[in-house]
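As structure tokens, the structure follows; a few thoughts come after it.
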Amino acid sequence: MKKLLIFPLTCLLLLTGCALPGTESKASSCQFFAMDTIMSITAYGSSADGAMVAAQQEINRLEALFSRTRDDSDISKLNAAAGSGQAVTLDPETVSLLDFARDYAPWFDITIAPVMDAWGFTKDSNRVPSQEELNRLLPLVDASRLEVDADRSVAQLPQAGMAVDLGGVAKGYAGDRAVAILAEHGITSAILALGGNITALGTKPDGSAWNVAVKDPKDTSKYICVIPLVNKTAATSGGYERYFVENGVTYHHIIDPTTGYPANSGLLSVTVVADESKKADLLSTYCFVLGADRALDAWRTWTDGTELILVKTDGTVLITEGLEEGLDFQGKERGYECQIVRR
Ligand code: ADP
Ligand code: MG
1 MKKLLIFPLT CLLLLTGCAL PGTESKASSC QFFAMDTIMS ITAYGSSADG
51 AMVAAQQEIN RLEALFSRTR DDSDISKLNA AAGSGQAVTL DPETVSLLDF
101 ARDYAPWFDI TIAPVMDAWG FTKDSNRVPS QEELNRLLPL VDASRLEVDA
151 DRSVAQLPQA GMAVDLGGVA KGYAGDRAVA ILAEHGITSA ILALGGNITA
201 LGTKPDGSAW NVAVKDPKDT SKYICVIPLV NKTAATSGGY ERYFVENGVT
251 YHHIIDPTTG YPANSGLLSV TVVADESKKA DLLSTYCFVL GADRALDAWR
301 TWTDGTELIL VKTDGTVLIT EGLEEGLDFQ GKERGYECQI VRR
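Heads up: the sequence shown begins at 1 in our numbering, then just goes up one per residue.
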């Protein structure tokens with residue numbers, strides 16, 4: 001079996017630029033590995049170094065709560081107790097993230113874990129499960145059966161074999177928390193990349209917007225477009241981020257919970273721009289599973305300024321109208337066609 005695993009940070013690229021000479025802001029940057037991906041933070045200001053250490057500690061704290069590979073994490077405790085009839089006491093933050101994330105089923109379903117495991121994505125030992133195996137596992141995927149009691153800070157999985165995987169939303173939530181920590185330390189200008197989740201705190205020190213490039217899923221050394229970002233976050237999900245090839249067929253890590261197979265919805269990537277990183281992260285995975293038409297139907301119901309960039313397999317790039325201003329579309333020379341979608 002030919003195995004290819006491309007780790008995230010391939011999907012969105014930061015074009016941060018530098019502080020103008022004469023502006024007193026000093027840039028500090030750090031890069032580290034957490035939540036199974038490469039993360040980087042660049043922050044400006046005299047308190048930037050201490051602020052970034054605190055932000056990194058916060059991300060490590062959240063990884064210890066949400067990880068599936070650490071036995072003592074909240075999620076491991078919840079999963080280990082599946083079917084025991086016992087509700088598990090969890091950190092209020094875990095409970096609140098479970099509560100937030102379970103509303104997007106069936107397309108985004110945090111109880112996808114048994115199927116992720118069957119494909120070997122959890123332990124990077126990929127294989128194609130048999131249809132029989134998937135048929136046995138799919139009934140375990142049903143977030144509506146996850147019981148959450150926020151008042152008591154407990155949760156419970158009703159059946160043995162059920163398990164939660166927060167991989168589609170945890171990095172986004174960590175991004176929101178990391179930005180909050182930077183702000184608490186007095187930082188007003190920073191850019192964070194937690195895998196494919198990019199968050200812009202304020203503007204660049206010269207007052208201009210941060211520029212974020214959406215990579216071409218077919219050639220990640222090139223861009224589809226560059227968008228300006230100020231106090232916003234952008235998350236990309238794409239089948240090209242993490243995948244393996246077996247017998248000439250590519251299998252990626254975003255699973256359609258209705259089939260148990262990698263989502264095959266006619267999209268190469270989805271970028272979501274939103275106020276909150278946990279929302280952008282979740283919705284990018286959700287819309288990737290939904291496909292373009294249903295993702296746009298969902299977008300038409302949103303009233304909070306959340307916007308989409310949908311890169312279709314046929315080369316069409318659908319960009320919702322809220323991103324039109326300042327958009328620099330660069331995909332034309334490689335055969336992509338940009339269409340602005342209006343409400
Ligand atoms: P990445 O984590 O690689 O940046 P995504 O944000 O798109 O990419 O999340 C993909 C992760 O989400 C998978 O690795 C898995 O943990 C989880 N996942 C995959 N399919 C689904 C789904 N349909 N619903 C919820 N979570 C999913
Ligand atoms: Mg996601």
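Beta carbons: idealized from backbone N, C-alpha and C, even for Gly.
How would you label residue i, buried or exposed, when you count the other beta carbons within 10 angstroms and need 16 or more for buried?
| i | result |
| --- | --- |
| D72 | exposed |
| G196 | buried |
| T306 | buried |
| F108 | buried |
| N79 | buried |
| G22 | Model confidence at G22 stands at a pLDDT of 44, short of 50, so the residue's coordinates are unreliable and nothing is read from them. |
| V164 | buried |
| R334 | exposed |
| E246 | exposed |
| E276 | buried |
| E241 | buried |
| T69 | exposed |
| E337 | exposed |
| T258 | exposed |
| L9 | For L9, the predicted structure reports a pLDDT of 43, less than 50, and the residue's modelled location is therefore unreliable. A value from the coordinates is still provided. Classification of L9: buried, given that the 10 Å Cβ count is 16 or more. |
| S265 | buried |
| V249 | exposed |
| P205 | buried |
| G239 | buried |
| S130 | exposed |
| P139 | exposed |
| N126 | buried |
Would you list the one or two residues that DSSP bridges to residue i?
| i | result |
| --- | --- |
| N197 | L194 and A235 |
| M52 | Paired residue(s): none; M52 is not in a bridge. |
| P262 | I255 |
| P205 | Per DSSP, none; premise fails for P205. |
| W210 | L229 |
| K312 | L267 |
| T250 | V245 |
| A274 | T233 |
| Q131 | For Q131, which the question treats as bridged, DSSP gives no partner whatsoever. |
| F329 | C225 |
| T320 | V341 |
| S96 | S96 pairs with nothing; no bridge assigned. |
| A27 | Y44 |
| L12 | V214 |
| E184 | Answer is none; E184 lacks a bridge partner. |
Identify whether residue i lies in helix, strand or coil by the three-state DSSP scheme.
| i | result |
| --- | --- |
| A87 | coil |
| K77 | helix |
| C18 | Low confidence applies to C18: its pLDDT is 45, below 50, so where it sits in the model is not reliable enough to give any reading. |
| A178 | helix |
| Y104 | helix |
| P217 | coil |
| S284 | helix |
| L157 | coil |
| M35 | coil |
| K222 | strand |
| I41 | strand |
| I59 | helix |
| V115 | helix |
| N289 | Reading off the sequence, residue 289 comes out as Val, not Asn. Helix at V289. |
| D149 | strand |
On a CA-only basis, which of the options is nearest residue i? Give me that one, please.
| i | options | result |
| --- | --- | --- |
| V273 | S265, G266, L267 and L282 | L282 |
| G45 | Q57, A27 and Q31 | A27 |
| Q339 | E241, Q330, E325 and T320 | T320 |
| H185 | R343, G326, F244 and Q56 | Q56 |
| G322 | T313, T303, I181 and T316 | T303 |
| L268 | F244, V230, T316 and I227 | T316 |
| G58 | G202, G168 and A178 | Here the sequence assigns Glu to residue 58, which means Gly is not the residue at that position. It is A178. |
| G167 | L308, H253 and R127 | H253 |
| L192 | M52, I112 and V341 | M52 |
| L201 | Q31, V230 and I181 | V230 |
| D49 | S189, I255 and D256 | S189 |
| E324 | V226, R294, L290 and Y251 | V226 |
| T199 | Y243, L318, K278 and G207 | K278 |
Against chain C, with Cβ distances strictly below 8 Å, would residue i count as a contact?
| i | result |
| --- | --- |
| A200 | Considering every chain present, this structure includes no chain C. It has just one protein chain. |
For residue i, is the beta carbon positioned less than 7 Å from some heavy atom of ligand 4?
| i | result |
| --- | --- |
| R242 | Absence of ligand 4 from the depicted structure is noted, with ligand 1 and ligand 2 being the only ligands included. |
Pairing CB atoms from the segment 115–127 with CB atoms from the segment 294–304, are three or more of them under 8 Å?
Fewer than three Cβ pairs drawn from the segment 115–127 and the segment 294–304 lie within less than 8 Å of each other, which leaves the two stretches out of contact.
Counting pairs of Cβ atoms below 8 Å between the segment 144–161 and the segment 88–100, do you hit three or more?
The answer is yes - the segment 88–100 touches the segment 144–161, with three or more Cβ pairs under 8 Å.
At least 3 beta-carbon pairs within less than 8 Å: the segment 218–232 vs the segment 100–107:
For the pair of segments examined, the segment 218–232 was found not to touch the segment 100–107: the number of CB pairs separated by less than 8 Å stays below three.
Cβ pair count under 8 Å reaching 3, the segment 52–63 against the segment 173–190:
Yes, the segment 52–63 is in contact with the segment 173–190.
Validate contact between the segment 206–219 and the segment 234–242 using beta carbons, cut 8 Å, 3 pairs:
Yes, the segment 206–219 is in contact with the segment 234–242.
With a threshold of 8 Å, are at least 3 pairs of Cβ atoms found where one atom belongs to the segment 152–159 and the other to the segment 38–58?
Counting C-beta pairs with one atom in each stretch, the segment 152–159 and the segment 38–58 have fewer than three that are closer than 8 Å, which means they do not touch.
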